[in-house]
Amino acid sequence: MNALTPIEQSDLVLTHIDTLILSPMNPRQNVTKEEVGELADSLIKCGLIQNLSGFLPPGNEAIEIVAGGRRLRALRLLADQGFMPGDGCPLDLTRIPVKVTSDPEIAAQWAMGENVARKAPNVADEVQAYQALADRGIAPNDIARAFAVTEIHVKRRLKLATLPESVMEALRAEKIGYGQAAALTLCNDAEHIEQLLATTIERGLTEQAIRNEAARGAVNSTDRRAVFVDVDAYVDVGGRVVADMFTPFVVLQDEALLNDLFAARLRQEAEDFRVKGGWLWAEPVFDSYVSYDHSSKTTRLWAEQQPLSEDEAAEYDELAALAEAGDITDEQAARQEELEAKQVKDFTEAQRAVSGAFVYVDRNGEVHFDIAYVRKPDEEAAIAAGVMRPRHSSTSNAASGATVDEAPASPFSAAVITDMKAIKLAAVQSALIDSPDLLVDLLAFALSPASGAYCSVFDIRAGRPSITPSNPDAFDLDPRLDQGSALKVDPSAEFAKFRKLPKKERAAALHAAVARALNYGCNGTFNGKPEPLFDTLATEAGASIRNIWTPTKDNFFGRVTSGYLDEIYNHIFALDPASPEAKSFAGMKKVDKAVKLDWLFQGDAGAMGYKLMTNEAADRMAAWLPDCF
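Counting along the sequence shown from 1, when you hit position 101 you're at 198 in this note's numbering, and nothing is skipped either side.
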């Protein structure tokens, strides 16, 4: 047949460029010259990957292209430029594939279908197509032009092509999704990939769970440790990095090396700060904030303002008058600034000689110095130096010096402590559900003799330790932990129904049930102290109390002592208890303090604009937890 033959249904023909024209039905009536030129360059390298679609009215001599208008313009441009195919060039302007119909309704469907309702190709098929072109030496940007997609889209598909064929088969069969396959690219061990693939298909691992497992021992470049150390410094000492094609970041593959670099630099920062500032000590803190465990064993000093002498005060008044009149010279202005600087509160040499600093890196990778803490062994020297008062039985926050106080009564009632432990347990259980491998290891350990005769990791009789506080205000329980009533009329019927569930759902139910049975503190002690296993699990699973709970007036602030509210406020804003701001808050009624802290912790626009709020204060507020565990 030839291009002039009437066609009732549709056929694929190979025809000359001169027989093709743009149809009025084609939705792409307007395209830029740059777009056409780029596609023409791509066609030379890649060929015509998708055929055109055309309408041939009876009696016409030309095929009207209804779908593929941009490709037609690029082909026409090459023809006008006298294009002649060379060795290995896949494009032939005399044999252009066109799907042709003489039915106007079919032609109209093609015109709209390709540009509006075309089904996206299977990702695995896309990967195969892009890789075939890449194997021929065609660059990603040329492949992108040929398929009318972005270059990063192509590069991500080519990254998937590095995975084992078993992953591609699972992706093609829709046993796993695109995000799950993308997460597997973080793993550089083929055997580990196969294990993760099998686990994903069997248990339905989430994309994040796969990333956690695939990148175990690796760290994202946004991690505070990587920001503080600097990725270049890590690479300079042999650290390995890989680009995560599916995020804007890179992954540092040697966490042990990064930890060593982080610790070494933080210790150096601490030592430099100690020497430069004349402090007695500087302790590196490897958490992202200074916890109560550190500060509770010390007494804090507060900066003192050094008054000007009578002569300096008189000189300053004269300079201020000149500045107000606009008659001050540069030399006089510099002197005025010097006198102003002398009046800024600072720590004296005597204070620095008996106190030290905690040095830490916040969650953004910035180093901070929390200063002027006196350790108990140094209290006598501080008292002798006159920077600290002797121990008294009552609390004192006098501005002239810190007071060593006897331990006050706990600000927490038994009910508050019980609620906070329930909230912490809920946070750990929720995090464990997203760490199924850790959870299964823990279950095997708990059931084995290795855990010891008196270690009760789980309430294995399907018990459900309390994880709901008596006041659930601002408490967001993970719905996977809410397993409803345990009362069933017919267990055998329920079991039959359960076994019919998809394997992924049954695995998810197991993970949730095992996590839900975890006991607070793992229900034991070790050498007279709370069992450390519980905190180890919380750390590895990434449990966060503040992700599920925010302190409010009703659930916390209104249930603790007024003095403890003062401590919270002063901690957040790093206030000297003798400062006007701290005294103003301390003078409020307890209910008003609770309302104000509630407002601050809710974090609305007004609170973020509060006069004392800074980025550091917001970080301390976001990380704050009561010290009652």
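We put the beta carbon where it would ideally sit given N, CA and C, even for glycine.
Limits of the alpha helix (DSSP H) - the one that residue i falls within
| i | result |
| --- | --- |
| His608 | Lys600 to Arg613 |
| Val264 | Glu262 to Arg269 |
| Tyr617 | Premise fails: Tyr617 is in no alpha helix (DSSP H) and is neither H nor E. |
| Ser150 | From DSSP, Ser150 is part of no alpha helix (DSSP H) but of the beta strand (DSSP E) over Leu149 to Phe152. |
| Phe466 | No alpha helix (DSSP H) contains Phe466, which is instead part of the beta strand (DSSP E) from Val464 to Arg472. |
| Tyr661 | Ser659 to Phe670 |
| Glu415 | Glu407 to Ala422 |
| Pro629 | Pro629 to Ala638 |
| Ile642 | Ile642 to Ile645 |
| Val110 | Not the alpha helix (DSSP H): Val110 falls in the beta strand (DSSP E), residues Asp108 to Thr112. |
| Leu119 | Note, Leu119: premise wrong, no alpha helix (DSSP H); beta strand (DSSP E) at Leu117 to Leu119. |
| Gly335 | Per DSSP, Gly335 belongs to no alpha helix (DSSP H) and is neither H nor E. |
| Gly134 | Lys130 to Cys143 |
Close beta carbons around residue i, own chain, < 7 Å, minus the five adjacent residues each side
| i | result |
| --- | --- |
| His391 | Val382 and Phe455 |
| Val657 | Pro508, Phe509 and Val513 |
| Arg337 | Gln350 and Asp351 |
| Phe359 | Arg322, Phe325 and Val326 |
| Ser563 | Ala519 |
| Asn624 | Note that Asn624 has pLDDT 48, beneath the 50 cutoff, so the model's placement of it is unreliable and no number is given. |
N- and C-terminal bounds of the beta strand (DSSP E) containing residue i
| i | result |
| --- | --- |
| Val338 | Val338 to Ala340 |
| Arg397 | Thr395 to Arg397 |
| Thr198 | Ile193 to Thr198 |
| Leu349 | Val347 to Leu349 |
| Ile162 | Ile160 to Ala164 |
| Phe180 | Unbroken run through Phe180: none, as it is neither H nor E. |
| Tyr457 | Gly453 to Val458 |
| Trp378 | Trp378 to Val382 |
| Val281 | Position check: residue 281 holds Leu in this sequence, whereas Val was assumed. Element bounds for Leu281: not the beta strand (DSSP E) but the alpha helix (DSSP H), Tyr275 to Leu281. |
| Leu709 | Note, Leu709: premise wrong, no beta strand (DSSP E); not H, not E. |
CB of residue i within 9 Å of CB of residue j, strictly
| i | j | result |
| --- | --- | --- |
| Ala311 | Thr282 | yes |
| Leu149 | Gly165 | yes |
| Met342 | Arg460 | no |
| Arg192 | Leu117 | no |
| Gln365 | Ala315 | no |
| Ala171 | Ser139 | yes |
| Ser385 | Asp716 | yes |
| Ala340 | Val332 | no |
| Tyr275 | Val387 | no |
| Glu304 | Ala279 | yes |
| Tyr227 | Val195 | no |
| Val197 | Leu109 | yes |
| Arg300 | Lys601 | yes |
| Ala481 | Gln448 | no |
| Ala137 | Leu175 | yes |
| Val525 | Phe631 | yes |
| Cys143 | Ile298 | no |
| Leu363 | Val464 | yes |
| Phe152 | Ala236 | no |
| Asp663 | Ser393 | no |
| Ala691 | Phe654 | yes |
| Leu698 | Thr633 | Looking at the sequence itself, residue 698 is Phe, so the reference to Leu does not match. No. |
Same chain, Cβ closer than 6 Å to residue i, neighbours up to 5 away in sequence not counted
| i | result |
| --- | --- |
| Ala801 | The question about residue 801 has no answer here: the residues shown for the chain are numbered 98 through 726. |
| Glu678 | Leu672 |
| Arg371 | Ala379 |
| Ala495 | Here Ala495 scores only 42 on pLDDT, less than 50, and its place in the model is too uncertain to base an answer on. |
| Gly374 | none |
| Pro103 | Note on Pro103: pLDDT 40, under 50, position unreliable in the model; the coordinate value appears next. Excluding residues within five positions, the ones whose Cβ falls inside 6 Å are Pro155 and Ser199. |
| Ile425 | Leu419 |
CB-CB length for residue i against residue j, believed under 8 Å
| i | j | result |
| --- | --- | --- |
| Phe572 | Ile520 | 7 Å |
| Thr395 | Val471 | 6 Å |
| Pro155 | Ser120 | In fact, because the Cβ distance is near 15 Å, the residues do not count as touching under 8 Å. |
| Ser527 | Asp575 | 4 Å |
| Ala418 | Gln433 | 11 Å between Cβ atoms; not a contact. |
| Leu190 | Ile114 | 5 Å |
| Asn568 | Asp467 | Going by Cβ atoms, the distance from Asn568 to Asp467 rounds to 32 Å, so no, they are not a contact pair. |
Close beta carbons around residue i, own chain, < 8 Å, minus the five adjacent residues each side
| i | result |
| --- | --- |
| Leu302 | Gln277, Leu293, Thr296, Glu310 and Pro533 |
| Ile141 | Leu175, Phe180, Cys186 and Leu188 |
| Val128 | Gly166, Arg167 and Arg170 |
Sufficient close CB pairs (3 or more, under 8 Å) joining the segment 601-611 to the segment 638-647: Contact between the segment 601-611 and the segment 638-647 is absent, with fewer than three C-beta pairs closer than 8 Å.
Segment contact, 8 Å Cβ cut-off, at least three pairs: the segment 218-227 with the segment 263-277: Segments in contact, yes.
Three CB pairs or more closer than 8 Å across the segment 662-680 and the segment 706-717: Result yes; three or more Cβ-Cβ pairs closer than 8 Å.
Three or more C-beta pairs below 8 Å linking the segment 432-450 and the segment 398-415: They touch, by the three-pair rule.
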